[in-house]
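S.K.:
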Amino acid sequence: MGKAHSHAYRDVSFYFDTKAKPVLQAICGRNEEGVKEAAATMGWQSYETDWRKLIARDDIDLIDIVTPNNSHAEIAIAAAQAGKHVFCEKPLALTLEQSQRMLDAVEKNGVVHMINHNYRFAPAVQWAKKLIEEGRLGRIYHIRATYLQDWIMDPEFPLVWRLSKEVCGSGALGDLAAHSIDLARFLVGEFKEVSGIMETFIKERPIVEDSSGLSGKGSSEQKGPVEVDDASVFLARFENGAIGTFEATRFAGGNRNGNRFEINGEKGSIRWDMENMNNLDVYFHQDEDGLQGFRTINCTEEVHPYAGAYWPAAHIIGYEHTFTNLMVELMNGIDQGYSPLPNFVDGVRNQAILEAVQESAQTKQWVTLSDVFKRAEPSVKS
Ligand SMILES: NC(=O)c1ccc[n+]([C@@H]2O[C@H](COP(=O)([O-])OP(=O)(O)OC[C@H]3O[C@@H](n4cnc5c(N)ncnc54)[C@H](O)[C@@H]3O)[C@@H](O)[C@H]2O)c1
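Going by UniProt numbering, the sequence shown opens with residue 1, and the numbers climb by one from there.
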């Protein structure tokens, strides 16, 4: 993700006329050789090997947290206390309580905050939001969201950090369903209650010797327990009466990054698939008999949010531009002193839903979001 974020900082002022313009002042990593090389490759002017030193620097205004999940809270709180704006990867934290402490810290110190749910910023997803807000789908009945991957199906794939509960909080749930939850909150509304199941298919894996991103090399002799879910599936009811089904898995063979949703309303339906991210399929009941059916809008025209900044119609954009588009909002927020959506408030709500699904999977009961917040009081506000 460090590469995706770096690219967005480099590109945002190339395509968009934001008043605040990022300067790639310093990147941080623990290993000097590695971070020096990363700085040179990705265009950072300097580097640090301790994030505390980065936060202490007077020439740094924004701290961007792109580390594994167990370090988000400590870094974000320290950054806020030092008066730095904070941009943080998802999921915001390991627990609801931790995420609330992060929100308290950014609010108390009056810094701008944002969480990286980049998929909101695909022009087709923004267009879906506009259609829904204009009432073109009418009352929303269903959302059907899946986030399907297959990168750990080999039982010999090692115990990388994404399979450690201590480091990441949960597995497919926090890594993948967190994005679907964010899209559902963005497009449909607030969750009311959930009922979930979680499964770990491969219970033991080789201890990791070396890893980077989604790849890793394991020990041939030593094995350790897998502590997180390989797959999570849940049902949801929304405050507005809509219902949803969600499936996040790392065991859906053939699906490399199947981040998809379909929304059905009283007047029509929409569907989106990250693997064809420029397109939005729409269906309207009011279309003439005999001509009804899903049609595909290629969301690359001037009228589509962010798309006009790039190329002529149908000259498609890609994954990296979801980050660039988000960066427009972060730069505007920093310039004008507000926290653009999705911010840490969204991170906390997302975390509450992740926690509710985990509780439901354990108790085999429906879990209501208001109860999750009530139980977390007084530290956590719904
Ligand atoms: N928004 C998305 O679509 C998306 C996609 C992938 C990952 N993520 C999130 O991004 C974060 C990072 O994931 P990743 O895939 O880039 O992981 P990664 O393992 O590829 O990279 C993490 C980097 O953080 C560095 N690091 C770890 N601890 C550090 C510390 N204390 N100080 C400085 N550097 C440290 C590691 O050396 C590594 O370079 C996670 O929170 C993950 O959930 C989000």
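Every residue, glycine too, gets a C-beta built ideally from N, C-alpha and C.
Have a look at phenylalanine 87 and phenylalanine 284 and give me their C-alpha separation to the nearest angstrom.
M.R.: Roughly 38 Å separates the two Cα atoms.
S.K.: Would valine 125 pass as a contact of tryptophan 272 if the rule is Cβ separation under 8 Å?
M.R.: Yes, they are a contact pair.
S.K.: Identify, in the order they occur along the chain, each residue of the same chain with its Cβ nearer than 6 Å to the Cβ of valine 167, setting aside the five sequence neighbours on each side.
M.R.: If we look at valine 167 and ignore the five residues flanking it on each side, its Cβ neighbours are Pro68, Asn70 and Trp161.
S.K.: Does the CB of alanine 307 have a neighbour CB from chain D at under 8 Å?
M.R.: This model lacks chain D altogether; it includes just one protein chain.
S.K.: With distances taken between CB atoms, is the gap from glutamine 149 to leucine 176 smaller than 8 Å?
M.R.: In this structure, leucine 176 lies closer than 8 Å to glutamine 149 by Cβ.
S.K.: At 4 residues or longer, what runs of the alpha helix (DSSP H) sit wholly inside the UniProt domain "GFO/IDH/MocA-like oxidoreductase" (126-271)?
M.R.: Qualifying alpha helix (DSSP H) stretches, in chain order: 165-168 and 178-187.
S.K.: Apply the 10 Å Cβ neighbour rule to aspartate 287 and answer buried if 16 or more other Cβ atoms are within range, or exposed otherwise.
M.R.: Counting Cβ neighbours within 10 Å, aspartate 287 comes out exposed, since fewer than 16 surround it.
S.K.: Grab me the residues of proline 22's own chain with a C-beta within less than 6 Å of its C-beta, minus the 5 sequence neighbours each way, in chain order.
M.R.: These residues qualify, in order along the chain: Tyr9.
S.K.: Is the separation between the beta-carbon of glycine 174 and that of proline 91 shorter than 8 Å?
M.R.: Contact: yes.
S.K.: Out of Ser13, Ser46, Ala128 and Val194, which has the shortest C-alpha to C-alpha gap to residue 383?
M.R.: Any answer about residue 383 is impossible in this case: the structure gives the chain only from 1 up to 382.
S.K.: Okay, do the region 44-64 and the region 313-324 touch, 3+ Cβ pairs below 8 Å being the bar?
M.R.: With a cut-off of 8 Å, the region 313-324 and the region 44-64 do not count as touching, because too few Cβ pairs lie within range.
S.K.: When every heavy atom of ligand 1 is checked, does at least one fall within less than 7 Å of the C-beta of asparagine 69?
M.R.: Flag set: Cβ of asparagine 69 near ligand 1.
S.K.: State yes or no: is the C-beta of asparagine 116 nearer than 7 Å to some heavy atom of ligand 1?
M.R.: True, at least one ligand heavy atom lies under 7 Å from that Cβ.
S.K.: Consider the C-beta atom of valine 303 and the heavy atoms of ligand 1; say whether any pair is separated by less than 7 Å.
M.R.: Valine 303: no, Cβ never under 7 Å from ligand 1.
S.K.: Alanine 39: which of Trp51, Asp17, Ser6 and Ser13 sits nearest, CA to CA?
M.R.: Alanine 39 has its Cα closest to that of Ser6, out of Trp51, Asp17, Ser6 and Ser13.
S.K.: Do you know offhand how far glutamine 98's Cα is from alanine 73's?
M.R.: Whole-angstrom Cα-Cα distance: 7 Å.
S.K.: With DSSP run on the structure shown, which of helix, strand or coil describes methionine 114?
M.R.: Strand at methionine 114.
S.K.: Would you mind reading off the limits of the beta strand (DSSP E) that contains threonine 49?
M.R.: That residue, threonine 49, is in no beta strand (DSSP E); it is neither H nor E in DSSP.
S.K.: How big is the Cα-Cα spacing for lysine 364 and phenylalanine 16?
M.R.: Roughly 49 Å separates the two Cα atoms.
S.K.: Mind checking whether arginine 136 and glutamate 266 have CB atoms under 8 Å apart?
M.R.: Not closer than 8 Å, so no.
S.K.: Here's the rule I'm using: 16 or more other beta-carbon atoms within 10 Å means buried, otherwise exposed. How should histidine 315 be labelled?
M.R.: Under this definition histidine 315 is an exposed residue.
S.K.: Ligand 1 heavy atoms versus the CB of cysteine 28: any closer than 7 Å?
M.R.: At least one heavy atom of ligand 1 is nearer than 7 Å to the Cβ of cysteine 28, so yes.
S.K.: If you reduce the DSSP assignment to three classes, tell me which class aspartate 273 lands in.
M.R.: Aspartate 273 falls in the strand class under three-state DSSP.
S.K.: Compare the beta carbon distance of alanine 82 and isoleucine 55 with 8 Å and say whether it is the shorter of the two.
M.R.: Yes; because the gap between Cβ atoms is below 8 Å, this pair is in contact.
S.K.: State the CB to CB distance for the pair isoleucine 263 and leucine 187, rounded to an integer number of angstroms; the pair is presumed to be in contact (CB under 8 Å).
M.R.: That pair is a contact at about 6 Å.
S.K.: On the criterion of 16 or more Cβ atoms from any shown chain inside 10 Å, does serine 370 qualify as buried, or is it exposed?
M.R.: It counts as exposed.
S.K.: Go through its chain and collect everything with a Cβ distance to serine 219's Cβ below 7 Å, but skip five positions before and after it.
M.R.: Answer for serine 219: Pro206, Ile207 and Glu209, listed in chain order.
S.K.: Between alanine 178 and leucine 354, how many whole angstroms is the CB-CB distance? I'm expecting something under 8 Å.
M.R.: About 6 Å; that satisfies the 8 Å criterion.
S.K.: What residue from Glu359, Ile27, Asn325 and Glu89 has the CA that sits closest to aspartate 50's CA?
M.R.: Among Glu359, Ile27, Asn325 and Glu89, the Cα nearest to that of aspartate 50 is on Ile27.
S.K.: Does ligand 2 have even one heavy atom less than 7 Å from the beta-carbon of tryptophan 151?
M.R.: For ligand 2, the structure offers nothing, since it holds only ligand 1.
S.K.: Can you confirm whether the region 226-236 touches the region 197-205 when touching is taken to mean that 3 or more C-beta pairs between the two stretches lie within less than 8 Å?
M.R.: With a cut-off of 8 Å, the region 226-236 and the region 197-205 count as touching, because enough Cβ pairs lie within range.
S.K.: With distances taken Cα to Cα, identify the nearest neighbour of glutamate 359 among Val12, Met42, Gln45 and Gly196.
M.R.: Per the Cα distances, Gly196.
S.K.: List the endpoints of the continuous alpha helix (DSSP H) containing asparagine 279.
M.R.: It is not in any alpha helix (DSSP H) - asparagine 279 instead sits in the beta strand (DSSP E) that spans 279-284.
S.K.: For residue 398, tell me which candidate among Asn350, Tyr338 and Gly110 has the shortest Cα-Cα distance.
M.R.: Beyond the ends of the chain as shown, which are 1 and 382, falls residue 398; an answer cannot be given.
S.K.: Thinking C-alpha only, which one of Asn276, His142 and Ala78 is nearest phenylalanine 238?
M.R.: That would be His142, whose Cα lies nearest to the Cα of phenylalanine 238.
S.K.: Assuming phenylalanine 251 and methionine 153 make a contact with CB atoms under 8 Å, what is their CB distance in whole Å?
M.R.: Sure, about 6 Å apart at Cβ, within 8 Å.
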